[in-house]
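If you count the sequence shown from 1, position 74 lands on 75 in my numbering, and the numbers rise without skipping. Virtual Cβ for every residue (Gly too), placed ideally from N, Cα, C. Just so we're clear, the structure is a prediction, and the values are computed from it rather than from any experiment. Structure, as structure tokens:
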Amino acid sequence: MASQEMWQSPIAPGLSWYQATVGERPTYAALDGSRTCDVAIIGGGYTGLQAAYHLAKSGVSVVLIEAWRFGDGASGRNGGQLGTGQRWWPEELEEKIGYERSKALFNVAEAAKHHLLDFAREHDIEIDYVPGQLNVAHKASYERDYRQNAEIAARRYDYPHLRFMDGKETQERLGSKRFYCGVRDVGTGHIHPLKLLVGLARVAAAAGAAIFEMTPAKAICQGGGKVTIETARGTITADRALIACDGHIDGLEPVTASHVMPIRSFIGATVPLDKHPEVLPGGEAVADSRFVVRYFRRFEGRLLFGGREAYTADNPRDISQHIRRQIAEIYPDLKDIEITHAWGGSVGITMPRQLFVRDVMPGVTSIGGYSGHGVMLSNYCGKLYAETVLGKSGDLDLFESLDIPAFPGGARMRAPLLFLALSWFALRDKF
Numbered sequence: 002m003a004s005q006e007m008w009q010s011p012i013a014p015g016l017s018w019y020q021a022t023v024g025e026r027p028t029y030a031a032l033d034g035s036r037t038c039d040v041a042i043i044g045g046g047y048t049g050l051q052a053a054y055h056l057a058k059s060g061v062s063v064v065l066i067e068a069w070r071f072g073d074g075a076s077g078r079n080g081g082q083l084g085t086g087q088r089w090w091p092e093e094l095e096e097k098i099g100y101e102r103s104k105a106l107f108n109v110a111e112a113a114k115h116h117l118l119d120f121a122r123e124h125d126i127e128i129d130y131v132p133g134q135l136n137v138a139h140k141a142s143y144e145r146d147y148r149q150n151a152e153i154a155a156r157r158y159d160y161p162h163l164r165f166m167d168g169k170e171t172q173e174r175l176g177s178k179r180f181y182c183g184v185r186d187v188g189t190g191h192i193h194p195l196k197l198l199v200g201l202a203r204v205a206a207a208a209g210a211a212i213f214e215m216t217p218a219k220a221i222c223q224g225g226g227k228v229t230i231e232t233a234r235g236t237i238t239a240d241r242a243l244i245a246c247d248g249h250i251d252g253l254e255p256v257t258a259s260h261v262m263p264i265r266s267f268i269g270a271t272v273p274l275d276k277h278p279e280v281l282p283g284g285e286a287v288a289d290s291r292f293v294v295r296y297f298r299r300f301e302g303r304l305l306f307g308g309r310e311a312y313t314a315d316n317p318r319d320i321s322q323h324i325r326r327q328i329a330e331i332y333p334d335l336k337d338i339e340i341t342h343a344w345g346g347s348v349g350i351t352m353p354r355q356l357f358v359r360d361v362m363p364g365v366t367s368i369g370g371y372s373g374h375g376v377m378l379s380n381y382c383g384k385l386y387a388e389t390v391l392g393k394s395g396d397l398d399l400f401e402s403l404d405i406p407a408f409p410g411g412a413r414m415r416a417p418l419l420f421l422a423l424s425w426f427a428l429r430d431k432f
């Protein structure tokens, strides 16, 4: 058993508060020798492990490999917010793809939310669920949009759990005067993401999936009706495969790499806010209206705050300094608050901030690009992939039919162009 306090992820900076509080974090062996199976899975986050569990429990032989430890990627280091719907508001999606498809995607997201909570209860995984989320506007001109969002959700999307908050209520619920209005969502909440990930790995292994850590995939190819995945210490041969690497696709598979771009996001955890009961007294999670979103919550008495002015693939020298500066903009009284843990990780995004689902070669499906909205969707998409393999569901087709263009510029120019675009959006957020 490796010590979770001492383990430093090679792919993500900082030791997270989640890692310090998860309790037992089992280790799993690396692949040693070649294997043959029905389905091979690359990536041990929520998507891959959910797929492995649902396939294995149905009698499908599964081999899953994770390049590092389970939880080193975004599934174990994220902001923990479930959200509601897709990354876009439903009325925004409706303008682009029509009401019928927008409503279907909203319904899938609601099913994803219920699946996550039911799965945790069914398998006795304590995820520390806290209800409530506030979506808040950092510009006064957004008030009309926020009022309509709550009305449309109830009237057109059968979701009565959103309610508009005026400026006074928004400030009281946040304990901050920084935002102008918002909506309160009592139909969702936030969790301890690493506890879910650790429990999910346990459940997948118990169902009969062969899961391996510290086993990077070196190459994947298809031929003769079989998929072959090469690793340093063995080859996996399967009838079909799932690529579930999200922001860590690197150069493994070019189609996914051209559509899913990794960006860095960072989170800090403060000391307990015993002297600041005015900060989020209701315990809700918060996401603001910036394009470069700031997301934070009061959790286990601390403030967990995420965001950064401009995303890049690099890490700042002092994550705490960047996070504390943003905290102080919203909570001036916390400008000198001690940050006990600060960490980061890669988030996979797509150009339209919608999920990328595609068969990238015969028998090989790739799922990724959750764009910061993946806690519930990634868990559910793993389940949907398994159901597709088993011939039980076509709901994954809703995502596969979305128009997800490749990032422009090719491999050499994607990152610089993305940096320029997101820096421009970050500047626009200020005015």
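Anticipated Cβ contact below 8 Å, residue i with residue j, distance rounded
{"i": "GLY345", "j": "ALA52", "result": "Between ALA52 and GLY345 the Cβ distance is about 26 Å, and since that is not below 8 Å, they are no contact."}
{"i": "LEU399", "j": "ALA105", "result": "6 Å"}
{"i": "PHE357", "j": "GLY373", "result": "Contact flag wrong, Cβ pair sits at about 14 Å."}
{"i": "GLN134", "j": "GLU285", "result": "6 Å"}
{"i": "ILE237", "j": "ALA41", "result": "5 Å"}
{"i": "ALA407", "j": "HIS260", "result": "5 Å"}
Burial state of residue i (16 or more Cβ within 10 Å)
{"i": "HIS191", "result": "buried"}
{"i": "TYR312", "result": "Reliability fails at TYR312, whose pLDDT of 47 lies under 50, so the model's placement of it is uncertain and the value that follows must be treated cautiously. Flag for TYR312 reads buried."}
{"i": "SER103", "result": "buried"}
{"i": "VAL272", "result": "exposed"}
{"i": "SER266", "result": "buried"}
{"i": "LEU50", "result": "buried"}
{"i": "LEU253", "result": "buried"}
{"i": "SER142", "result": "exposed"}
{"i": "ALA220", "result": "exposed"}
{"i": "PRO194", "result": "buried"}
{"i": "ARG26", "result": "buried"}
{"i": "GLN5", "result": "Annotation note: pLDDT 46 at GLN5 (below 50); position unreliable, coordinate value reported separately. The residue is buried, with at least 16 neighbouring Cβ atoms inside 10 Å."}
{"i": "GLU67", "result": "buried"}
{"i": "CYS222", "result": "exposed"}
{"i": "PRO91", "result": "buried"}
{"i": "MET2", "result": "With a pLDDT of 35 at MET2, under the threshold of 50, the predicted position of this residue should be treated as unreliable, and no value is reported."}
{"i": "MET352", "result": "buried"}
{"i": "MET166", "result": "buried"}
{"i": "SER35", "result": "exposed"}
When the options are compared against residue i, the one with the closest alpha-carbon
{"i": "TYR130", "options": "GLY188, PRO217, GLY44 and TYR143", "result": "GLY188"}
{"i": "SER17", "options": "ALA105, VAL63, ARG145 and SER76", "result": "SER76"}
{"i": "GLY86", "options": "ILE12, MET215, LEU163 and ALA141", "result": "LEU163"}
{"i": "GLY84", "options": "ASP186, GLY200, ASP337 and GLU279", "result": "ASP186"}
{"i": "VAL376", "options": "GLY80, ASP398 and ILE268", "result": "GLY80"}
{"i": "ALA138", "options": "LYS58, LYS196, ARG295 and ALA407", "result": "ARG295"}
{"i": "ALA387", "options": "ILE405, PRO255, ALA245 and ALA258", "result": "ALA245"}
{"i": "LEU403", "options": "ARG354, PRO363, MET362 and SER394", "result": "ARG354"}
{"i": "LEU335", "options": "HIS249, LEU305, MET362 and VAL361", "result": "LEU305"}
{"i": "LEU397", "options": "GLU95, VAL109 and LEU198", "result": "VAL109"}
{"i": "ALA218", "options": "GLY209, ALA343, LEU243 and ALA208", "result": "LEU243"}
{"i": "GLY60", "options": "ALA208, HIS116 and ARG303", "result": "ALA208"}
{"i": "HIS342", "options": "GLU170, HIS323 and ILE250", "result": "HIS323"}
{"i": "LEU94", "options": "GLY364, VAL64, TYR158 and TYR19", "result": "TYR158"}
{"i": "LYS114", "options": "ILE405, SER379, PRO417 and GLY395", "result": "SER379"}
{"i": "PHE297", "options": "ASP275, ALA239 and ALA270", "result": "ALA270"}
Touch check for the segment 279–295 and the segment 160–180: three-plus C-beta pairs under 8 Å? yes
At 4 residues or longer, and completely inside the segment 43–108: list those alpha helix (DSSP H) runs for me, N to C. 47–58 and 91–98
Stretch-stretch touch, CB-based, cutoff 8 Å, three pairs: the segment 228–236 with the segment 329–343: no
Taking contact to mean at least 3 C-beta pairs separated by less than 8 Å, is the segment 342–360 in contact with the segment 7–14? Flag = yes, the segment 342–360 and the segment 7–14 touch.
Do three or more CB pairs link the segment 24–44 to the segment 210–227 at distances below 8 Å? The answer is yes - the segment 210–227 touches the segment 24–44, with three or more Cβ pairs under 8 Å.
Which runs of the beta strand (DSSP E) fall wholly inside the segment 211–296 and span at least 3 residues, in chain order? 211–213, 218–224, 227–232, 235–244, 262–271 and 286–289
Are there three or more Cβ pairs, one per stretch, closer than 8 Å when the segment 191–203 is compared with the segment 386–400? no
Within the segment 334–366, note down every full beta strand (DSSP E) run reaching 3 residues or more, in order along the chain. Complete beta strand (DSSP E) runs here, min 3: 340–350 and 357–362.
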